[in-house]
Structure formats: C-alpha cells, structure tokens
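Asker:
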Amino acid sequence: MTIAQIEDNIKKLLASVDPDNFIYDFLLAFGTPKATIARLQSGKINLGEVDGELVWKKKLLYRQVAVEANLLELIQGLREDSGLKKSQPRFLIVTDLETLLAVDLVTQDTLDCKVLDLDKHFDFFLPFAGIEKAQFLSENPADVKAAEKMAKLYDQINLDNQFSTEDEVHQLNAFLSRLLFCYFAEDTGIFEDKLFTAAITGNTKADASDTQEYLQDLFLILNTDNAERTDEKQYLHKFPYVNGGLFREVYPIPMLSVKSRNLILECGQLDWSAINPDIFGSMIQAVVTTDKRGGLGMHYTSVPNIMKVINPLFLNELEEEYQKAKGNVKQLNALIQRISKIKIFDPACGSGNFLIIAYKKLRELEIQILNDLTELKGNKGSGTLDFVSFNSLISLNNFFGIEIDDFAHEIARLSLWLAEHQMNQTFRKEFGHSRPALPLKDSGKIVRANACRIEWEEVCPKEEGDEIYILGNPPYLGFSMQDHEQKKDIHDIFGRKIKLDYIACWFYNAYQYIVNSKFKAAFVTTNSICQGEQVELLWPRILINDVKICFAYPSFPWNNNAKGKAAVICSIIGLTGDPMIDCFLFYKQTKVKVSNINSYLVNSKNIIVNRSSQSICGLPKMILGNAPFDGGNLILNQEKVRDIDEGRQYLRKLVGAAEFMSNTYRYCIWLNNDQLANVKSIKWINERIESTYSMRENSIDSGTKKLAERAHQFRDRSETITYSCLVPRVGSNRREYIPAGIISKEFIIGDSCQVIYNCDEYLLSIISSKIHLCWVKSVSGYLKNDYRYSSVLSYNTFPFPKISKEKEKELEECAYQILETRERYPEKTLAQLYDPDKMPDDLREAHRLNDLAVESCYRAKPFDSDEERLEHLFKLYEKMIAAEKKK
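Residue 323 in the UniProt record's numbering sits at position 323 of the sequence shown, and the numbers go up by one each step.
Set out below in structure tokens:
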C-alpha cells in the first residue's frame, strides 16, 4: 500500500469516526488484512485483559478511555509496565477519541495530536504498512547552549577590544579554541575536575584586572614539558603538559572586562563532557567575520544531516555485516580488521564535523563488536579473540581532510583529538583500559589547502586493498556569487568558463578519485546542480566509466545548530565506482530501492533533458512576453493614467507576473507605425518617446541601440486575436500548482511571463496540473528557491501524449472550473489563493479533479506520488526523443 493510499484511507476514516471500531478501522487504513482484523475483534490474537484494550503481539498496545481520563499519565504508566516484555508491542496508543497519544518503542518517538488531525501525522505509524521510518539523530541541547554562550563571550570580547584586522580576529579565534580545550579538559578527566574554572575563580580578581596576565602564564605552562618547567609560578604546575601544538604559538591575550571574565566562568559551569566536538563547527560560524564566512561559502552541517550522508555511504552496510556476524568469532574479528583499515576523507572539512561523527560511529561499532567477542569468550570458554586485549585499532591516521581556512584547519585537528579522547573514555568504561590522554599525539591528517588546486591523492593516498569513503559539505556558491579565484578554479577543473555552482568542482574531483575503483563519495549540496542547464553541463562528465549515483536525498531544507542558518534547499548525492552496488532513493521518511538514479535524482535512465525550440509533443508554441527595453518610459501606472485625457486611446492595459498575481494591471503606450503621426501633438506621449529614444541611443548594446529607430514601441510586439495563456516566469517552490491564467485580447503581456497566444483553453488545464509542476520543478532552472519557468526547458520538453478532441473538451471544462472557482474570491489575489497554507478547499478540489483528468491522459490509474509521476514522465520523454531522432 502506498503512502498516498494510506493518507486517503485515514481521511475517509476521520470523516466518520466509529467509536466502537476506531482502532480496527485505523489498522485497516494501513493495509492490515481483514482476516487479521477479524481475529483481533474475536479475541483470538488479542492479548488485552482490560476493557477498551487491544494488545497485538509485537505490533500494538491500544487503550481507549473516557474523555476525563489523564492520557499523559496513562501512557507513561504503560511505558513503565513490566508486562510489555510479554507482548513486545511496537506502538503504544491511548485515546479518548478527541486526543491521541502514541509512542514508537523502537525509535522512542512520541506523538500528541487531535484525533481529527491524524491525517497530518499518519506517517508516524508507517511501520504498520511495512514502511520503516528513516532514523535521524536529534540535536543535543547542550551543544546549542554552549555555542550560544561562547558566541556571547566572543561578542563581549570584541566589544572590549574593538578588533579590526584579520590578525587580531585570528588571535581571538585562537584564544577561544584554547578556552574550549580547557573546558573539555576539566570535564573529561584530562585535567582535574573543574581545575581551569576554579583556577580563574580563585586566582584572579573579580574586577578582571589580572585575568589577562594569568591566562598568558597558564597557556605558556600548558606548552611546557614537566622536565623543562622552572620553580616559578608553582601554582600553575598542577596543570599538565598538553603538547600537540595547541598552545605552541604565543598570541597576546585580549583585554578582558568584568563581563567577559564572568562569561568565561559561566561557560565553565556548563557540563562540557555532554557536548559533542562537532560544536566546533558552530563555534567557527559564530566567531569568524561575516565577509570571510560569505566569501568562503562556509556551511556547518548538523549531526542529523551528517548521518544522512554517513549511514547510506558506509555505516548501514557495516552494521548489517555486524548483525550477520553475531555469534561468529572469526567473522567478528574480520569485521574489526576491516573497520580498522577504512579511510575517511573530507576534502572540505571545515572544523571537522563529518570526520568527527564518522570517527565516533566507527569507534562505537568497534566497541559493540568487542563486547560481543568478550561475551562469546566468557560463554564458550574458547575461541581466538585477536583484538580484545588491545586498545582500539581505529586510528586518526586514517582520517583525512582539506581545509582552506587556517583557523578551521586548526580546530578540525583539535576537534578530532577531543573526539578520540571521548571515545577512549567510553572504551575505558567498557574494558578497563585505553590510551593515555596526554600528551596529545595524532590529530588526523588535515591539510590546509584549496581542495580545487591540490591533488586529492596527495592528501589521502590510494593503496592496494584500500576501502575509502569521501564525504562532506563543500561550499555551494552559485556562479554569480563566485569571486575571480573561484571562477578560475572552475575554469581549470572543467577546461573552460562554465556556469556551474562551485560545489561542482568537488563532484568532478570525486569522480576522478573513485573512477575504476569501489570507493564511494557523498556530499551535501544545493539541489541546483540537479536542475536546469547545470545538469547538462556537469553530469555527463561524471556518470561515465561505471560511476553512478548509488543513493540520494532529492531535496530537503538545510538546517544546523549554528548562528544564521542558511536558507537553502539541499540534496545529498552519493557516488560509487562500483556498478554492482544497489541504488536507493530517500523520500522524507522512506527508503526505496530503485534500478537507477539519474542526474535529476529520479528513478530513471541517465537521460539529459535538453533545451528545445519547440514542444516535443506538438503542443502550441509558447514564447516570452513583450520586453519593452524602454527605461520605463512607455509604461504608466494606473494613478498616472487617471490624470490623462488626451491620448488615452493609445494606451493598452499591461499585465506582467506581478500584476497577474496581485489582480491588477498597468498601462503602456502601444502604437502602430501608422499612428505615430497622430500623436505628434500630444506632448506627454512625445516626451516619453523621446526619453525612450535617448535611453536606447546611449546604450552600449548594439541591439538596444538599433531599437532607437522605433522608440515609440516595445522591442517585442506580440498580441492575441482571441485569448492568451499566461505563465509567470518565476514561481514559488512552495506552491502545489502553477497559477497560470487565460488573458483576454485587451491586455498586452509583459516579459515577466511566458505566453501561448491565441490558445485553446485546455492548455491551461495541462499547465495547471500537478504532473506538469513536477516536471517543471525537476528540470527547470531556479532563482534561489523559486523555479524559473521557461519555454525551452519547462514547456517544450514536457512529455504529454496525443489526446482526442473529446479529451481536449474534458480538460477545457476542468480549466473553466478552476477559473470559475477563483472568481468566487474577488477579494483575494492569486498569490493568496495559491498559498498552500491558505488555498480554499473548493479551489484545491477543482485542481484535484483537473489532476485526475490530466493524468488519465497518461494512464487509467492515477499516480500515487510525485516520484511515480516523474518516473513515468522520464520514460515517456525517452520514448519521444527516440522517436524524434528516427524521423
């Protein structure tokens, strides 16, 4: 059963709730067999012992109670009930048929909603239909709190010092990184418990007059070996020698006020042992200067989004292998051997977030395996446990990175070391021993360089038998945002000037690294490289020589725990050089195995949708609206026209996308050549014509300059005899339908729209359909998060089957129904009507019926999802292009 069918079933259920059979109807909605429902109703497989209770082993514990019952207290009691071990339900559900509370005992997710809102939350129960929810980690609140606190400290120190130069900012960043280390050290057993915070509290004055000097002395001691320390400042000798280069450079300590000293102490009160080292990424974004951050295109990825990369790239496979190896000493030992040799490489590592999380996950899996081996030895008293007596075999020497920013580069090295220390502590708790904390040693092989100008193999060498995974979140940077050096990087990598997002460099370099191997790579990226003209420019260079996309998240909103979250829609794309690997697409909370993933991240063959000068399926011609090239002189707003008496007959109503969406219009001077003599005496018209002439004549563009010869006219002169179909050239990605329209001949249409002149009304039905918007969003270019509707990519490439006159009539009726429904709301603009959160129910219903009619042109059975629509469209596109080539 598909998700769309489940949603439809839930809506039908909610339309008429039967109190006596609610839970049975609910289970039926998810595809539970009727025979199973009958057995539950008869009590044959119902283990419940209380009235109103249904207990279905390994599936469900459901209890329906009176309205006055305390649902929260009830479900909490059920969670703590030892009797659950007998029935082992996946879900706990309690309801009074007004409110419903539920717990997923596998994921520990919870739900609290109104029963009548279940159609908005049905995905919580998808496991009933055999659709497992993808698991993502939630953010650690301690990370966010610490990042915010340290950002306040940074702001205060900046206020105290008024830094201006790059060196001064770098010194401040180094100071903060050293503070961060001290906080971690005093909470994780590297220093004595709270040693650093207590030392600041007890050894410096409350007025902060000596805090600067104290910290300068302390940082010098932390960089001095015990054997080299003198008898001076004995009170600092309780601090151990750190080494590792963290305190090697002597930087001046910034001026510290009472407020900044207090913030240093407040930060020390946090429990830094509960904080993940990936906080350093958020910290850098909080402290580096704005222009520097924007120039480097720096983004810091949250742990949940990092796991979206790591899980399908390698971790899921390792965990599956671990499950298969359980109970087998030889296989478990072999798996540890494999894990210990895996290389992880982030060629845009920033502060090391991806490397840190990958390292921790591998260490956690290693600990699980070692625990199993220890248990096997204890139970069986035999077996060779090759690795139990050793420390972890996973070395930071197998973690590689490239980072262009010097401070981020240093923080990445420090972060990796802190992650190693945390995992060593976990290892010690499990097995009673681990590597010593100090002095610092390995910090990962992080190279400071431009990843577009260094050979990746120099950083992460490839050797016989290697298992290498490349991953990360490189800088996105659209073409217009790139500076000269970044454009040069693209030119050097692709061999010519080419309009690609900067991240394309990483995808191409990854292709070159993994080709002819079984290595894999995966990056977080803006989805723009899988849309519009960038597809044709980039992907034919990558999806060759057995390299393919092995998994992808087509699009999701990018978020992190850093200050100033980036407002972008992202994709995650995984590449492999092994053609035998299975392919998976991740849609929201589902994972689907597919035969192939193409450049548009659709389950289809590797097809490139090329620009077309005419419709591939014979639809009427669409062209750009009328471009004025007039400097605004031939266009008037309604207010100016009110005061005009003479010459009004030479004005036409003008509508562009903005006017169309807001139910208004402007005016434009619209003259034929033979009317020019008639307006010579009309002063205001001639003044505007002369201004247009001057603007065009002074243009450096030869085409515009030539237009000065007819300064009384727009550059374009298209108009309709009957009706026009208008489509705004830019549309919100949030909308569920394209708000196209039918415009009468009294209007001139501007160039912010695409237009079909003298059109048949059934075309509005096609353009307004969900299936057409699916195609547009997939193959068109984008302006930020808004799709750009063009004739050559959006309309002319759209695959639509030949239909009969009777079918055209049916679609025409649907188009009229949409238009008539809009007219019921004269007080609302089209922008308001097509806001997905405010769209009137009858307009949504008119579009639903239109969708059914349009989709019936493709096949008898309606499509269940956008993914299914796109798969069908790409197959049809392939057939149409193949047929065209044969002509």
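Don't be surprised by glycine CBs; every beta carbon is placed ideally from N, CA and C.
Taking Cβ positions, are Lys-152 and Leu-270 nearer each other than 8 Å?
Answerer: No. Outside cutoff.
Asker: Just grab the DSSP bridge partners of Lys-593 for me.
Answerer: DSSP output for Lys-593 lists Phe-584 as bridge partner(s).
Asker: Rounded to a whole number of angstroms, what is the C-alpha to C-alpha distance between Trp-456 and Leu-396?
Answerer: Trp-456 and Leu-396: Cα-Cα distance of roughly 18 Å.
Asker: Identify every run of the beta strand (DSSP E) within the stretch 633-687, keeping only runs that are complete inside it and at least 3 residues long; order them along the chain.
Answerer: The qualifying runs are 651-655 and 666-669.
Asker: Of the choices Pro-89, Phe-874, Arg-39 and Lys-85, whose alpha-carbon is the least far from that of Arg-63?
Answerer: Answer by Cα proximity: Pro-89.
Asker: Taking Gln-76 as the reference, which of Val-94, Lys-59 and Lys-85 has the closest Cα?
Answerer: Residue Val-94 is the option with its Cα nearest to Gln-76.
Asker: What three-state label does DSSP hand Val-524 in the structure shown?
Answerer: In this structure, Val-524 counts as strand in the three-state DSSP scheme.
Asker: Which value, in whole angstroms, describes the spacing of the CA atoms of Ser-175 and Pro-347?
Answerer: A small correction: the amino acid at residue 175 is Phe; Ser does not occupy that position in the sequence shown. Roughly 26 Å between the two C-alpha positions.
Asker: I need the DSSP call for Lys-875, collapsed to helix, strand or coil.
Answerer: If DSSP states are grouped into helix, strand and coil, Lys-875 belongs with the helices.
Asker: For Lys-330 versus Asn-398, is the C-beta distance shorter than 8 Å?
Answerer: In this structure, Asn-398 does not lie closer than 8 Å to Lys-330 by Cβ.
Asker: CB Trp-684 to CB Gly-631, shorter than 8 Å?
Answerer: Taking 8 Å as the Cβ cut-off, Trp-684 and Gly-631 do not qualify as a contacting pair.
Asker: Do Tyr-24 and Ile-10 have their beta-carbon atoms positioned less than 8 Å apart in this structure?
Answerer: Cβ distance not < 8 Å, so Ile-10 and Tyr-24 don't count as in contact.
Asker: Counting only runs of 4+ residues fully inside the stretch 77-122, write out the alpha helix (DSSP H) ranges in chain order.
Answerer: Here the runs fully enclosed are 84-87.
Asker: Pick helix, strand or coil for Tyr-723, following the three-state DSSP scheme.
Answerer: It is a strand residue.
Asker: I'd like to know whether the C-beta atoms of Val-776 and Tyr-762 end up nearer to each other than 8 Å.
Answerer: No, the Cβ-Cβ distance between Val-776 and Tyr-762 is not below 8 Å.
Asker: Any idea what DSSP makes of Asn-561, helix, strand or coil?
Answerer: For Asn-561, the predicted model reports a pLDDT of 47, less than 50, meaning its position is unreliable; a value from the coordinates is still stated below. Three-state result, Asn-561: coil.
Asker: Report yes if the C-beta distance between Tyr-667 and Leu-676 is below 8 Å; otherwise report no.
Answerer: Their beta carbons are not under 8 Å apart, which means Tyr-667 does not touch Leu-676 by this criterion.
Asker: Is it buried or exposed, Leu-873, if we count other Cβ atoms within 10 angstroms and call 16 or more buried?
Answerer: Result: buried.
Asker: Am I right that Ile-157 and Leu-179 are in contact with their C-beta atoms under 8 Å? What's the rounded C-beta distance?
Answerer: About 10 Å; that fails the 8 Å criterion.
Asker: Are the stretch 788-807 and the stretch 826-839 touching by the rule of at least three beta carbon pairs closer than 8 Å?
Answerer: No: fewer than three Cβ pairs fall under 8 Å.
Asker: Helix, strand or coil, according to DSSP, for Lys-445 in the structure here?
Answerer: If DSSP states are grouped into helix, strand and coil, Lys-445 belongs with the strands.
Asker: So Asn-243 and Leu-440 are supposed to be a Cβ contact under 8 Å. How far apart are they, rounded?
Answerer: Contact holds; Cβ gap of about 5 Å.
Asker: So is His-421 buried or exposed if we call it buried at 16+ other beta carbons inside 10 Å?
Answerer: Buried is the call here.
Asker: The beta strand (DSSP E) spanning Arg-788 covers which residue range?
Answerer: Its beta strand (DSSP E) spans residues 786-788.
Asker: Just to confirm, is the Cβ distance from Lys-341 to Glu-464 under 8 Å?
Answerer: Cβ atoms of Lys-341 and Glu-464: not closer than 8 Å.
Asker: Note down the Cα distance separating Lys-705 from Ser-694, rounded to an integer number of angstroms.
Answerer: Distance between the alpha carbons of Lys-705 and Ser-694: 9 Å.
Asker: Secondary structure at Arg-178, three-state DSSP: helix, strand or coil?
Answerer: Three-state DSSP puts Arg-178 in a helix.
Asker: Classify Gly-245 as buried or exposed, calling it buried when 16 or more other Cβ atoms lie within 10 Å of its own Cβ.
Answerer: Flag for Gly-245 reads exposed.
Asker: So, do the stretch 523-541 and the stretch 482-492 have three or more beta carbon pairs nearer to each other than 8 Å?
Answerer: Judged by Cβ distances under 8 Å, the stretch 523-541 makes no contact with the stretch 482-492, as fewer than three pairs qualify.
Asker: Compute the beta-carbon to beta-carbon distance between Arg-715 and Leu-707, rounded to the nearest angstrom, for a pair I have assumed lies under 8 Å.
Answerer: The pair is a contact, with the Cβ atoms about 6 Å apart (cut-off 8 Å).
Asker: Within 10 Å of its beta-carbon, does residue 889 have 16 or more other beta-carbons around it, so buried, or fewer, so exposed?
Answerer: Residue 889 lies beyond the residue range present for the chain, which begins at 1 and ends at 887; the question has no answer from this structure.
Asker: Would Ala-29 pass as a contact of Gly-189 if the rule is Cβ separation under 8 Å?
Answerer: Not a contact, by the Cβ cut-off of 8 Å.
Asker: Identify whether Ile-498 lies in helix, strand or coil by the three-state DSSP scheme.
Answerer: Three-state DSSP puts Ile-498 in coil, outside helix and strand.
Asker: Looking at C-alpha atoms only, which residue of Ile-766, Arg-735, Cys-774 and Glu-719 is the closest neighbour of Asp-751?
Answerer: It is Glu-719 whose Cα lies nearest to the Cα of Asp-751.
Asker: Return the chain-ordered list of same chain residues with a C-beta closer than 7 Å to the C-beta of Pro-862, the five sequence neighbours on each side being excluded.
Answerer: Answer for Pro-862: Leu-852 and Glu-855, listed in chain order.
Asker: Starting from the Cα of Arg-261, find the closest Cα among Leu-215, Val-303, Ser-778 and Arg-229 and give me that residue.
Answerer: Selected option, being the one with the closest Cα: Leu-215.
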